[in-house]
Every structure is written in C-alpha cells, then in structure tokens.
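Engineer: So the protein lines, in turn, are chains S and F.
Numbering-wise, the first sequence is residues 1 to 501 according to my numbering.
Numbering-wise, the second sequence is residues 1 to 186 according to my numbering.
Even glycine gets a Cβ: it sits at the ideal position worked out from N, Cα and C.
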Amino acid sequence: MSIIDNVAAALPLVANLESFMALFAGIVIGVVAGAIPGMSATMAVALTLPFTFALQPITGILLLLGVYKGGIFGGSIPAILIKTPGTPASSATVLDGYPMAENGQAGKALGMALYASCTADMMSNLALILFAGWLASFALSFGPPEFFTLILFSLSIIAGVSGESLIKGLLSAVLGLLLATVGLDLVYGTNRFNFGDPNLMGGLNFIAVLIGLFAIPEILAYAWKPENGKGTVRELGEQHVTWAEYRRCLPSIVRGGFIGVILGSIPGIGAAPSAFLSYSEARRKSPNKDNFGKGEIEGVAASEAGNNGVCGATLIPLLALGVPGDVITAIVIGAFMIHGLQPGPMMFIQNTNIIYALFLGLIISSVLLLLVGSVAIRLFRYIVHVPRSVLLPGVLILCVFGCYAVNNNVFDVMVMFIMGWIGYFMMRAGMPAAPFLIAFILGPLLEDNFRQAMLMSNGQAQILFRSPITWFFWGLTALTIGALIRSALKQDKRMALLRDS
Amino acid sequence: MPDNDMGRFKDIGLGAGAVLFGLFIVVFAVPNYVSSPSNVQAMVLAPTFWPTILGWITVLLGVIFMATSFIRPRFAVSEEDVSQQRNAAAGAVGGSDDAEVGQTGAAPWLRILALGVVMAGLVYAIPLVGMVWASMIAFGLMAIIVRTPEPVSSVLVAILLPLALYAFFSHVAGVAVPQGEFITLP
Chain S
1 MSIIDNVAAA LPLVANLESF MALFAGIVIG VVAGAIPGMS ATMAVALTLP
51 FTFALQPITG ILLLLGVYKG GIFGGSIPAI LIKTPGTPAS SATVLDGYPM
101 AENGQAGKAL GMALYASCTA DMMSNLALIL FAGWLASFAL SFGPPEFFTL
151 ILFSLSIIAG VSGESLIKGL LSAVLGLLLA TVGLDLVYGT NRFNFGDPNL
201 MGGLNFIAVL IGLFAIPEIL AYAWKPENGK GTVRELGEQH VTWAEYRRCL
251 PSIVRGGFIG VILGSIPGIG AAPSAFLSYS EARRKSPNKD NFGKGEIEGV
301 AASEAGNNGV CGATLIPLLA LGVPGDVITA IVIGAFMIHG LQPGPMMFIQ
351 NTNIIYALFL GLIISSVLLL LVGSVAIRLF RYIVHVPRSV LLPGVLILCV
401 FGCYAVNNNV FDVMVMFIMG WIGYFMMRAG MPAAPFLIAF ILGPLLEDNF
451 RQAMLMSNGQ AQILFRSPIT WFFWGLTALT IGALIRSALK QDKRMALLRD
501 S
Chain F
1 MPDNDMGRFK DIGLGAGAVL FGLFIVVFAV PNYVSSPSNV QAMVLAPTFW
51 PTILGWITVL LGVIFMATSF IRPRFAVSEE DVSQQRNAAA GAVGGSDDAE
101 VGQTGAAPWL RILALGVVMA GLVYAIPLVG MVWASMIAFG LMAIIVRTPE
151 PVSSVLVAIL LPLALYAFFS HVAGVAVPQG EFITLP
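1. Can you find a C-beta in chain A that's less than 9 Å from the C-beta of Val28(S)?
2. Count the CB pairs spanning the segment 91–101 of chain S and the segment 340–356 of chain S that are closer than 8 Å, and state whether there are at least three.
3. Determine which residues of the segment 388–421 of chain S have a Cβ less than 8 Å from any Cβ of chain F, and write them out in chain order.
4. Straight-line CA distance for Pro432(S) to Val327(S)?
5. Helix, strand or coil for Arg247(S), going by three-state DSSP, please let me know.
6. Measure the beta-carbon distance from Val410(S) to Pro162(F) and round it to whole angstroms, keeping in mind my assumption that it falls under 8 Å.
7. From the DSSP output, read off the bridge partner residues of Leu184(S).
8. When DSSP builds the beta bridges, which residues end up paired with Val34(F)?
9. Where does Gly309(S) sit, in a helix, a strand or coil, going by DSSP?
10. Have a look at Ile61(S) and Leu318(S) and give me their C-alpha separation to the nearest angstrom.
11. Can you pull the chain F neighbours of Ala433(S), defined as C-beta to C-beta under 7 Å?
12. Quick check: Ser135(F) and Ile397(S), are their CB atoms within less than 9 Å of each other?
13. Mind checking Met337(S): buried by the 16 CB within 10 Å criterion, or exposed?
14. If the cut is a Cβ gap below 7 Å, which residues of chain S does Trp50(F) touch?
15. Where does Asp121(S) fall in DSSP's three states?
16. Which full runs of the alpha helix (DSSP H) of 4+ residues lie inside the segment 130–159 of chain F, going along the chain?
17. Using a beta-carbon distance below 9 Å, is Asp97(F) in contact with chain S?
18. Got a sec: which bits of the segment 454–469 of chain S sit with their beta carbon under 7 Å from any beta carbon on chain F, in order along the chain?
19. Just the chain F side, please: which residues come within less than 7 Å of Asp185(S) by C-beta, in chain order?
20. Report, in whole angstroms, the separation of the C-beta atoms of Phe153(S) and Asn449(S), which I expect to be a contact under 8 Å.
21. So does the segment 410–429 of chain S actually touch the segment 201–219 of chain S, counting three or more Cβ pairs closer than 8 Å?
22. Considering only residues of the same chain and omitting the five flanking positions on each side of Val372(S), which have a CB-CB separation below 8 Å?
23. Quick check on Thr184(F) - is its C-beta less than 9 Å from some C-beta in chain S?
24. Are Ser303(S) and Ala275(S) touching if we call contact CB-CB under 9 Å?
25. Would you say Lys168(S) reaches chain F, if we count a Cβ-Cβ gap shorter than 9 Å as a contact?
26. Apart from the five residues just before and just after Met122(S), which ones in its own chain have a Cβ nearer than 6 Å to its Cβ?
27. Against chain F, does Leu171(S) count as a neighbour if the rule is that its beta carbon must be under 9 Å from one of theirs?
28. Beta-carbon separation of Ser389(S) and Pro226(S) under 9 Å?
29. Looking only at its chain, what residues have a beta carbon closer than 7 Å to the beta carbon of Pro144(S), apart from the 5 residues adjacent to it on each side?
30. Decide yes or no for the touch test of the segment 170–179 of chain S against the segment 45–65 of chain F: beta carbon pairs closer than 8 Å, at least 3 of them.
31. What ranges does the alpha helix (DSSP H) occupy inside the segment 388–453 of chain S, keeping only unbroken runs of at least 4 residues that lie completely in it?
32. Quick one: residues in its chain with C-beta nearer than 6 Å to the C-beta of Leu110(S), no 5 flanking neighbours on either side, listed in chain order?
33. Can you list, in chain order, the residues of its chain with a C-beta nearer than 7 Å to that of Tyr246(S)? Leave out the 5 residues immediately preceding and following it.
34. Is the segment 21–41 of chain F touching the segment 189–196 of chain S in the sense that three or more CB pairs, one from each, lie closer than 8 Å?
35. Use the C-beta contact count for Ser38(F): other C-beta atoms within 10 angstroms, 16 or more gives buried, fewer gives exposed.
36. Sort Ala330(S), Ala478(S), Ile364(S) by Cα distance to Gly443(S) and report the nearest one.
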C-alpha cells in the first residue's frame, strides 16, 4: 500500500469528533497538570491512562499523547512565572524565562515558549512520520538475539541517564527487572514468586506499579512537608511576540527541534538534556550571547524547542521497535498493550491504519496545542493557584479509582500502595523511579527474547553474536557503559573542584 | 554527625541493604518460591536462571556502592548539595525534602504514618462500605492529616470527586465499582 492509501485508511479513525475531543481534552489536561508545580507530565499521563479503557484504541492513545505534549509545554508556565519548573523538561526555561518575567515580559516569554514548542513539535512529528516506518522495515529482520541485544542497549542507556548516581540508577533498574519476574514462567509455566496467591500468577499489574511509583510518592512527600510549592506569580506584562522576534529566534528553534529529534529518538535521553543542549548551543551561536541568563527571548525559544522536539521523536523507537523512548512513552506502551496492540515492526504490517491515524492525530495535536496554549497563558493564575491540600487528596482518590478499574480488583489497589511506599523510600534514598519502571516493562521482553534465543541454539551463547546487528548493539552497549563510567569519573573530578572552591 | 558523614552512612546502609536483599533472593527466595521442572534442557533455560542472575547483580551493585561510599573523600559534597545551596542563595522556591517545617503541627513521620494507616484502611474499607464512601472518608482524613487551609473546598471536593469518578467509571466505562454492604448508589 502507498502512503496515500494508508492515509486514506487512517482518516476515518481520526477525522471524527471523538478523536478531536480526545486530543483537545488531553492537551488541556496536560497543560493544566504541567502548569501545577508538584504535578508532572508523567503523573498526568499515568492518571489519565485508566480513563482510556472505555475508549477506542486510537482515541485513548491520542488522549494520552495530548496529555504528554500539553504537559511538556505546561511545565514552562510556572517555570517562567514562579521560577519553579512544572516538569524537569522545563528546567532550562527558567534560566531566561524568569528574568524576562522579572523585566515585565512574562507574556512575551510565555508566547515565545508556545510558538517554539509548537514549531519544534511539528518538526518532531514529521521526523516520526519519516523515520519510524523506515526503522520498522529494517527491524523486521530482527530475531530474538537481535531484540535481546537491542533491549539490553536500551536498558544500559536508561539506567545510566536517569539519576545523579549511576549505581543507584542501575540498582533501581535491577529491582524493576526482579519485580517483572513475578508470575508464571514464560516458557515452562511454573510459579515464580507467587507465594501461592492466584492474584500474582499473571504478574504484578503494570498500572498499579506505574501509579504507585509516580503518584503515591508525591502524595507521601506532600504529607511529609505540606507547605512546599508556594511562589510569587508575576503579572503577564508585555504580551505579544512580534514576527521579527520569532524570525530572529527561528534558527535556534529549528536547531533545538533537530536536537530534540535526535536525542528523543535515542531511548532514555528524554526532554531535559535536550532542552539544556539546545539552550547551550543557542547561547554559543547567538549574537546576543551576553544577554543569555538575563532575560533573552532566544534562550526561552531554544529551551522550549529542545524539550518539545523530543515529543514525537520518542515515539520513533516505541512504534518502530517496541522500545520506549522515555518514561512517558513507557506508560503509553502500556496503553497499547491494554488495547491489545503490541508496538513494534509487526504493527506497521498488522495495524497500519492505526499507525497512520496516530501520525495524523499528532499533526493535529500541534495545531491544538497552539490554541489551548494561547488560552492557558491567560488563565495561568487559576491553574498555578490550585491548592495542593485539595489537589493531592484528589490525586489519591483518582489513583484508587483508576487502579481498581483495570481489573476490577482491590488487590491491585493494595499493590499500588505498596509500590507507592517503595517509590517513596526510593525517592528518599535518591534512587530514580524511571529506570525501575522501564526495566519492569522491558524485563519480560528481555528475558523472553533471551530464552527464545537460547532455545534456538540449545543454550549456546554464541547465538547472541550471530549477526552484524547483534554486534552493532553489543558495540553500542559497550560504548554507552564506557561513556557512563567516564561521565561518573568526570563528575567525581567536578565534585573535587567544587569542594576545593 | 556532620551531613556528609550522615550521607555516607546512608549510602553504606543502602549498599548493605542491596547486598542482603540480593543474597535473600539467591539463597532463600529463588530456591523456595521459584519452581523449576526437572526436564530443563539447559541451565540458562531454567525458570530460576534469570532471578538468580538478577540477585547476584544486586549483590554486586550493593558491594560496588558500598565500596564507592567508602572511597569517597570524607568532606566531599554532592552536586545536589551545591545546587541546593545555590537555589537557597537565589531564593528559589522548593528545596530539600529533608527540611523540617513545623507549621503543620504533627511531626512529619507521624503524618506519613497516619497516611499509611489511611491507605491500609482504604483497602479494607472498599469491599465493606464501597469505593465512593471509603474514598470520601480517605480524602477527608488526608485533608485533616495535612491540616488543609481550605476546609470548605476540601469538603466539597471530598464529596463531589468520588461521585463524579463513580459516575464515569460505573456508567461510562462499565466498571463494577464496589458498592459496599450498606448504601447502594444508582
């Protein structure tokens, strides 16, 4: 089938009121959640997931992608107005956004954040459309050994970049892999850590683990310290971004978009490093480099282009290889599975209409983000001032209903709370939750492909080195581990310098 | 005890915990709670292989973590400490979770302990009184625990939110929301 045929087949799935409403609602939820300090895009996507069960697969997935995109942009609102990034991805936006707000240009900073976000988002969507199919057709030749090495490579990156301590990140990932072994054995069907409980035979429920890890620890952290998250909200001030300002920032936006696309398509990097790299590149190349950090509009544009540029690109490994690009796409992979879809190269053959409907929906989402974002900027005061003493008990109740709705089972609610406490203690110990969750999702795939490869070779490990593709991924894994160790040693040196100073 | 010594002590504790947990998995949990059929062709295919490997990796990571904690210079600072100091100097919002603020009465550990009791109670109360009523009570108790400055909004949301969620999940998504033994909602 040609692209035109595929688009024609996908159009009825997305060109209807339900899909538009899902995208619109998703973006609104995402922008609001991103704008509330203490909520995050990840938490918003996790809490929205149970509401997709009653929807058609494409509608549900578009709702979640809307939340994702809205959440990443929404994080820039408190970053600019109260110097508190709504999401980690907006940390770089604070550098110039807040000084602009202090100079009475909050509206201009928010406007530029929106335009840069939408431009980079569109670039990212186009990259997804261009590259995902190509990568998927390449991945069709993968067998279990190739997938094993690919997933191992993905895990090595994810565990390494998710926290300030490499070992804590790895420890978190190993715990996630261990938890994924609970349930019936994949090959022999024997019990593994079931403790005789039939509720555990199918393994731990993904949604319960997910909500437990990302929402409950925030509630417990709030109970520990109930009065955080207050700040002084600035006035909007001078509001409009001129065409000349947009044109001046366009090179930085395009560069940031490309950086976002490249970093987003590599599993595990995420939006925050992309935003910082885009910001530093913009500062290096800009004629106004001395003004960066003091309220330079180009700095806001570069940061926001960098973080929104990853949104579409993180879906490239997800759709083409079945490997999540970041923690939010790890949640989205769960939504695919709940609706009976398995992302990966075979999806491009079996569910082409859904793939193309997603592409179309993502393009529409960039336009909707522009509309919703313009309104959200004006309503920021109401969004930022939602009292946390009302919000977080509400989140607790949402978690309970959402988690129960997956299997109509109170056992899942209990698992969610237990995971919440584990997540809270991990948070206190400085162990990142993202590697845990991603390893929990990738764990069964890793083990399944490993054991299938071993079955193919009667237990001979040479099969894991059978083709140039496996060698390629082994090489990449070795390079990544080397880079991680080098970076850890560099950090030690930097710490020594900080100590001396 | 100086902060850095405390941090090092915590890290060593975390490493030791990982070692003990890994050994528990390898020595006790896998032999007792993972069944392996007798006709397994190769060791790498056995259901015990993967959890055992992961257990040993946990032990190894714990040992490495303890070793790096010992090696770390006595007065080293972490990047987080430095950024927190910078944030504090710049008057940034937020800060360390460890910072104690006494405005809300009870000690922090008492509050999260109480919240833990509310969570456990919620799990037991759902089949008994129904999810909607249990959620309303849990919302109210959490608002009391954190001494909400918005009591009216809290009461309103505590009543309306569970009802709205019940309406969605029960009537739109078709989920059989537990009704409990006392009051049945339409």
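Structural biologist: The relevant details are as follows:
1. Here chain A cannot be found, since the structure's protein chains are S and F.
2. Touching, no, given that fewer than three Cβ pairs across the two stretches are closer than 8 Å.
3. Cβ proximity to chain F below 8 Å picks out Ser389, Val390, Leu392, Pro393, Gly394, Leu396, Ile397, Leu398, Val400, Phe401, Tyr404, Ala405, Asn408, Val410, Val413, Met414, Phe417, Gly420, Trp421 from the segment 388–421 of chain S.
4. A direct Cα-Cα distance of roughly 11 Å separates Pro432(S) from Val327(S).
5. The answer is helix: DSSP assigns Arg247(S) an H, G or I state.
6. About 16 Å; that fails the 8 Å criterion.
7. According to DSSP, Leu184(S) bridges with Asn191(S).
8. DSSP, once it has assigned bridges, lists Arg192(S) as partnering Val34(F).
9. In the structure shown, Gly309(S) sits in coil (DSSP, three-state: anything other than H, G, I, E or B).
10. Taking C-alpha positions only, Ile61(S) is separated from Leu318(S) by approximately 13 Å.
11. Result: empty, since nearest Cβ-Cβ is about 14 Å, beyond 7 Å.
12. Taking a C-beta distance under 9 Å as the contact criterion, Ser135(F) and Ile397(S) qualify as a contact pair.
13. Per the 10 Å Cβ criterion, exposed.
14. Here the neighbours are Thr181, Glu447.
15. When secondary structure is reduced to three states using DSSP, Asp121(S) falls in the helix class.
16. The qualifying runs are 131–145.
17. Summary for Asp97(F): the model assigns pLDDT 41, below 50, so the residue's position carries little reliability; its value from the coordinates is reported in the next sentence. At least one chain S Cβ lies under 9 Å of Asp97(F).
18. Taking 7 Å as the Cβ-Cβ cut-off against chain F, the residues of the segment 454–469 of chain S that qualify are Met454, Leu455, Asn458, Gly459.
19. When 7 Å is used as the limit between beta carbons, Asp185(S) is near these residues of chain F: Pro47, in chain order.
20. With 8 Å as the limit, Phe153(S) and Asn449(S) do not qualify as a contact, their Cβ atoms being about 12 Å apart.
21. Output reads yes: the segment 201–219 of chain S touches the segment 410–429 of chain S.
22. Around Val372(S): Phe24, Ile27, Val28, Val31, Gly70.
23. Judged by the 9 Å Cβ criterion, Thr184(F) is not in contact with chain S.
24. Closer than 9 Å, so yes.
25. Contact of Lys168(S) with chain F is assigned, a C-beta pair being separated by under 9 Å.
26. Answer for Met122(S): Ser366, listed in chain order.
27. Cβ-Cβ to chain F under 9 Å: yes for Leu171(S).
28. One thing to note: Ser389(S) has its Cβ within 9 Å of the Cβ of Pro226(S).
29. Within the same chain, Pro144(S) has close Cβ partners Asn449, Gln452, Ala453, Met456.
30. Verdict: yes, contact present.
31. Listed in chain order, the complete alpha helix (DSSP H) runs (minimum 4 residues) inside the segment 388–453 of chain S are 388–407, 410–428.
32. Close CB contacts of Leu110(S) within its chain, under the 6 Å cut and outside five residues either way in sequence, are with Ile80, Ile377 (chain order).
33. Cβ neighbours of Tyr246(S) beyond the five flanking positions: Tyr115.
34. Result yes; three or more Cβ-Cβ pairs closer than 8 Å.
35. Counting Cβ neighbours within 10 Å, Ser38(F) comes out exposed, since fewer than 16 surround it.
36. Nearest option by C-alpha distance: Ala330(S).
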